[in-house]
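Undergrad:
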Amino acid sequence: MATVTLDNVRKAFGKTQVIHGVDLDIADGEFIVIVGPSGCGKSTLLRMVAGLESVTEGEIRIDGARVNEAEPMDRDIAMVFQNYALYPHMSVFDNMAYGLKIAGTPKDEIARRVATAAGMLQLEPYLKRRPRELSGGQRQRVAMGRAIVRKPAVFLFDEPLSNLDAKLRVQMRLEIKTLQRELGVTSLYVTHDQVEAMTLADRMVVMNAGRADQIGRPLDVYSNPKTEFVAGFIGSPPTNFLDAARLGRRAKGARLGIRPEHVRIVPEAETDLGGTVAYAEPLGAETLIHLRTLDGQAITVRQDGAHPIPEEGATCGIAWEPRDEMHFAESGQRV
Amino acid sequence: MTDRDPLAAEVAPKRGTGRPARPLPDGMVERRGAGLWLTHLGLIVGVAFIFFPIWLAFVASTVEQQAIVRPPMPLLPGDQLWENYSRALISGINAPVALMLANSAVMALGIALGKIVISLLSAFAIVYFRFPGRRVFFWLIFLTLMLPVEVRIVPTYEVVANFGMLNSYSGLILPLIASATATFLFRQFFMTVPDELAEAARVDGARPMRFFFDILLPMSRTNMAALFVILFIYGWNQYLWPLLITTDPSMNTIVMGIRQMFPSGDDIANWPVIMATSILAMIPPVVVVIGMQRLFIRGLVESEK
Ligand SMILES: Nc1ncnc2c1ncn2[C@@H]1O[C@H](COP(=O)(O)OP(=O)(O)OP(=O)(O)O)[C@@H](O)[C@H]1O
Ligand SMILES: [Mg+2]
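Protein chains in written order, with my numbering: chain A, 1 to 335; chain B, 1001 to 1305.
Next comes the structure, spelled out in structure tokens:
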């Protein structure tokens, strides 16, 4: 159990700057999810905390102590890799026990800890098998088990669920969350899946091209995004962005963002904004209607599945409450 | 088998895709009747063709000297097997064949094991460490690929002679250990091992050599077995190098020793003993191939992923 602090952490590979100064304070037992598009530097950041990548500038502290120069094994962390990285020639038991063996833990202690972890993860029947004799979900659990048995101060996860199918992903997501609650171990979790981020995180870090655009509780980030990038990245379907100048009214900032669920379809007479229906996606509980405004901007409307669905090609008006509007400056910052 | 339900036939290849390395027995079902016999006939003729000279050698090693020199050549084994073989093994012509076999075994084992150890370590260094001069060393090793023993034989002889290693096992073995083929094989294999494995071991607290012994080495088992077979035979069949540096008959290896048995001038060759020696020389490589093949195939079937 520990706190983790990133203090203006930067990373450059040769001349390419990849991480441009990230500050983050993680409380003891907190579950932090780092989310962002591919190539934004999530893995790099996590690997710096793990000690697998050197820190170019800034400081990383675990429990207040600087660890920039410490080897991974001396940082009291455990990591779960995307492809699990299980040792192929070792049994499940040996995979989990390897770290403890190296640390010189007594045999009976190892057996006890592995048994406990295997119990938690329902791995008891598989302890003698090799990794290749396991399903993807079971391998994932072994990787988790390997992290748990070491009783580390911090768990690090790098997209641990992305090799699983959708259904298993939902199930494992729940298990990881439960396990983390149970053990109360500070965790840092990297994903590009915003649903994972929203459901797992105590707080999430939205990364954009090597910067932490916003750090906050998932619902706060969703309802109050600080930048245009965050507004567009978090939420599905994504926020609609309209050119404020072309909207011709309430001109504040360069662009106006409005979430699909805040847009309503209204009779044309009631509004000054309208468009033609490009196509509609009825999903049962809700319907997504994709419109094109008269000046060619795309807008998605998300409405209750019970509402009438307009015909394709029909014109209709759209409206929203002013308080739901988000205004962004040319730089992308919220104004 | 022909009346099996069509669904099963469709399922079979699917099951197969999980393990492409193992040929499906189901695939053989169609091969019946005349086709099967023709294939076998072809194979039998081929085997007989290749096996015939070896059979002749064996026959020659079981008859009396006169029987060979006087045509026609016998095609069935004689009654001198025990005499000829024990004479070859115990006294030979220049040196006892048992001694030459032992010399060959030491040389072949030394070359095979030495090469595997050296190439494992150098491949490990090249793949997993960033050290100054890494590229230079890599190219130096690469360069030795272009210089087989025969090409560098004169300078190598000079060096070995200066070290006083003529007529010694180290002289037989060391110069042949230095080559890059095996290093390349292991380098290629190590590059296919995911980086995350090394990183996971590092997080688990394994220092580099521990990672090497605990993880990399067991994963290379099948590669090592295959390489051992190839290198053992390579070492066993060395001819030119032992011929050059062993002048003492007690250091002769078997392959060159056979050549030494041929008489010079008007002496009469003792063909039965020479042929017995040839047959004896064939046995160890065959044993190694058959013995290692089991391990080798087991490794393939268990294919580590
Ligand atoms: N060893 C390296 N040398 C040079 N550039 C690198 C290296 N590792 C990563 N990068 C670069 O750093 C950037 C961030 O990489 P990183 O792996 O952290 O992305 P990511 O956010 O984890 O992406 P993904 O979601 O695809 O895993 C990328 O642009 C990548 O090209
Ligand atoms: Mg990544």
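For every residue, glycine included, the Cβ atom is placed at its ideal position computed from N, Cα and C.
What residues of chain A sit near B:Asp1248, judged by a beta carbon separation below 9 angstroms?
TA: The sequence position of residue 1248 of chain B within the second sequence is 248, counting from 1. The premise fails here: B:Asp1248 is roughly 46 angstroms from chain A at the closest Cβ pair, so nothing lies under 9 angstroms.
Undergrad: Which residues in the same chain as A:Gly313 place their Cβ atom closer than 7 angstroms to its Cβ, once the five residues preceding and following it in sequence are excluded?
TA: As a position in the first sequence, residue 313 of chain A is number 313, starting the count at 1. Thr276, Val277, listed in sequence order.
Undergrad: Give the residues of chain A in contact with B:Ile1215, contact being defined as C-beta atoms less than 7 angstroms apart.
TA: Reading the second sequence from its first residue, position 215 is the one you call residue 1215 of chain B. The contacting residues are Tyr87.
Undergrad: What are the complete alpha helix (DSSP H) segments, minimum 4 residues, inside the stretch 65–114 of chain A?
TA: Listed in chain order, the complete alpha helix (DSSP H) runs (minimum 4 residues) inside the stretch 65–114 of chain A are 92–103.
Undergrad: Return no unless some Cβ of chain A is closer than 7 angstroms to the Cβ of B:Ala1206.
TA: The count along the second sequence starts at 1 and reaches residue 1206 of chain B at position 206. Interface residue, yes.
Undergrad: If we count the other Cβ atoms within 10 Å of its Cβ and call it buried at 16 or more, is A:Ala147 buried or exposed?
TA: Translated into the one-based positions of the first sequence, residue 147 of chain A becomes position 147. Looking at its Cβ environment, which holds 16 or more other Cβ atoms inside 10 Å, A:Ala147 is buried.
Undergrad: Which partner residues of A:Pro267 appear in the DSSP bridge assignment?
TA: As a working note, residue 267 of chain A is residue 267 in the first sequence. According to DSSP, which records beta bridges pairwise, A:Pro267 is partnered with nothing at all.
Undergrad: Leaving aside the five residues before and after B:Thr1247 along the sequence, list all residues of the same chain whose C-beta is less than 8 angstroms from its C-beta, in chain order.
TA: Within the second sequence, numbered from 1, the residue matching residue 1247 of chain B stands at position 247. Only Leu1166, Asn1167 meet the Cβ criterion.
Undergrad: Does the beta carbon of A:Ser43 fall short of 6 angstroms from some heavy atom of ligand 2?
TA: Sequence index remark: in the first sequence, residue 43 of chain A carries index 43 (1-based). Under cutoff, so the answer is yes.
Undergrad: Hey, B:Ile1116 and B:Ala1201 are a contact pair by Cβ (cut 8 angstroms); roughly how many whole angstroms apart?
TA: Taking the first residue of the second sequence as 1, we reach residue 1116 of chain B at position 116. Taking the first residue of the second sequence as 1, we reach residue 1201 of chain B at position 201. Contact flag wrong, Cβ pair sits at about 22 angstroms.
Undergrad: If you follow the beta strand (DSSP E) that A:Gly155 is part of, which residue opens it and which one closes it?
TA: Against the first sequence, residue 155 of chain A aligns to sequence position 155. At residue 155 of chain A the sequence reads Phe, which differs from the Gly that was named. Element bounds for A:Phe155: 154–158.
Undergrad: A:Tyr84: buried (16+ other C-beta within 10 angstroms of its C-beta) or exposed?
TA: The residue you call residue 84 of chain A lines up with position 84 of the first sequence. Classification of A:Tyr84: buried, given that the 10 Å Cβ count is 16 or more.
Undergrad: Using a Cβ-Cβ distance cut-off of 7 angstroms, determine whether B:Leu1351 contacts chain A.
TA: Past the edges of chain B, shown from 1001 to 1305, lies residue 1351 of chain B, and the structure says nothing about it.
Undergrad: Is the stretch 1143–1150 of chain B close to the stretch 1208–1216 of chain B, with three or more CB pairs under 8 angstroms?
TA: No, the stretch 1143–1150 of chain B is not in contact with the stretch 1208–1216 of chain B.
Undergrad: Taking only beta carbons into account, state which residues of the stretch 57–80 of chain A come closer than 8 angstroms to chain B, listed in chain order.
TA: Those would be Glu71, Pro72, Met73, Ile77, Ala78, Met79, in chain order.
Undergrad: Suppose the cutoff is 8 angstroms on Cβ atoms and the five residues either side in sequence are ignored; what does the same chain contact list for A:Glu325 look like?
TA: By one-based count along the first sequence, residue 325 of chain A stands at place 325. Excluding sequence neighbours, A:Glu325 sits near Arg250, Leu256, Gly257, Ile258.
Undergrad: Counting along the chain, where does the beta strand (DSSP E) carrying A:Asp360 start and finish?
TA: Because residue 360 of chain A is not part of the residues shown, which for chain A are 1 to 335, the question remains open.
Undergrad: Given that A:Asn83 touches chain B, what residues does it touch there, using C-beta distances under 8 angstroms?
TA: For this step, residue 83 of chain A is matched to residue 83 along the first sequence. Chain B residues near A:Asn83: Pro1194, Glu1196.
Undergrad: Given that A:Gly136 touches chain B, what residues does it touch there, using C-beta distances under 7 angstroms?
TA: For the purposes of this step, residue 136 of chain A is identified with residue 136 of the first sequence, where counting begins at 1. Chain B residues near A:Gly136: none, gap ~12 angstroms exceeds 7 angstroms.
Undergrad: Across which residues does DSSP place A:Met207 in a beta bridge pair?
TA: Counting from one through the first sequence, the residue named residue 207 of chain A turns up at place 207. A:Ala212.
Undergrad: Apply the 10 Å Cβ neighbour rule to A:Met73 and answer buried if 16 or more other Cβ atoms are within range, or exposed otherwise.
TA: Here the question's residue 73 of chain A lines up with position 73 in the first sequence. Flag for A:Met73 reads buried.
Undergrad: Helix, strand or coil for A:Lys42? Go by DSSP, reduced to three states.
TA: As a working mapping, residue 42 of chain A is identified with position 42 in the first sequence. The answer is helix: DSSP assigns A:Lys42 an H, G or I state.
Undergrad: Could you tell me which chain B residues have their CB closer than 8 angstroms to the CB of A:Ile110, listed as they occur along the chain?
TA: Against the first sequence, residue 110 of chain A aligns to sequence position 110. Simply none; closest approach about 13 angstroms.
Undergrad: Is there a Cβ from chain B that is less than 7 angstroms from the Cβ of A:Leu183?
TA: Counting from 1 along the first sequence, the entry for residue 183 of chain A is found at position 183. No, no contact with chain B.
Undergrad: Check whether chain B comes within 7 angstroms of A:Gly39, counting only Cβ atoms and requiring the distance to be less than that.
TA: Numbered from 1 along the first sequence, position 39 holds the residue referred to as residue 39 of chain A. Chain B, which has no Cβ nearer than 7 angstroms to the Cβ of A:Gly39, makes this no.
Undergrad: Which one or two residues does DSSP pair with A:Asn240 in a beta bridge?
TA: Residue 240 of chain A sits at position 240 when you count from the first residue of the first sequence. BP columns for A:Asn240 point to A:Ile258.
Undergrad: In the DSSP assignment, find the unbroken alpha helix (DSSP H) run with B:Met1261 in it and report its ends.
TA: Position 261 of the second sequence holds residue 1261 of chain B. B:Met1261 -> alpha helix (DSSP H) spans 1254–1261.
Undergrad: Would you identify the three-state DSSP class for A:Gly317, choosing helix, strand or coil?
TA: Translated into positions along the first sequence, residue 317 of chain A becomes position 317. If DSSP states are grouped into helix, strand and coil, A:Gly317 belongs with the strands.
Undergrad: Using CA atoms only, rank isn't needed, just tell me which of A:Ala212, A:Arg246, A:Glu270 is closest to A:Asn8.
TA: Sequence index remark: in the first sequence, residue 8 of chain A carries index 8 (1-based). Selected option, being the one with the closest Cα: A:Ala212.
Undergrad: Can you give the Cα-Cα distance for B:Asn1084 and B:Phe1232, rounded to whole angstroms?
TA: Against the second sequence, residue 1084 of chain B aligns to sequence position 84. Against the second sequence, residue 1232 of chain B aligns to sequence position 232. Roughly 27 angstroms separates the two Cα atoms.
Undergrad: Alpha carbon to alpha carbon, how far is A:Leu121 from A:Arg181?
TA: On the first sequence, position 121 is the one that residue 121 of chain A refers to. On the first sequence, position 181 is the one that residue 181 of chain A refers to. Roughly 14 angstroms between the two C-alpha positions.
Undergrad: Run through chain A and tell me which residues come within less than 7 angstroms of B:Pro1218, C-beta to C-beta.
TA: Here residue 1218 of chain B corresponds to residue number 218 of the second sequence, with the count starting at 1. By Cβ distance, chain A contributes His89.
Undergrad: Nearest CA to the CA of A:Leu188: which residue from A:Glu124, A:Lys151, A:Ala244, A:Ala27?
TA: On the first sequence, residue 188 of chain A is found 188 positions in, with the first residue counted as 1. The option with the nearest alpha carbon to A:Leu188 is A:Ala27.
Undergrad: Can you tell me which of the three DSSP states A:Pro282 falls into?
TA: In the first sequence, residue 282 of chain A corresponds to position 282, counting from 1. Strand.
Undergrad: Exposed or buried, what is A:Thr178 when buried is set at 16 or more other beta-carbons lying within 10 Å of its beta-carbon?
TA: On the first sequence, residue 178 of chain A is found 178 positions in, with the first residue counted as 1. So A:Thr178 ends up on the exposed side.
Undergrad: Kindly examine ligand 1 and report whether one of its heavy atoms sits closer than 6 angstroms to the Cβ of A:Phe13.
TA: Here residue 13 of chain A corresponds to residue number 13 of the first sequence, with the count starting at 1. Checking the Cβ of A:Phe13 against ligand 1 gives yes.
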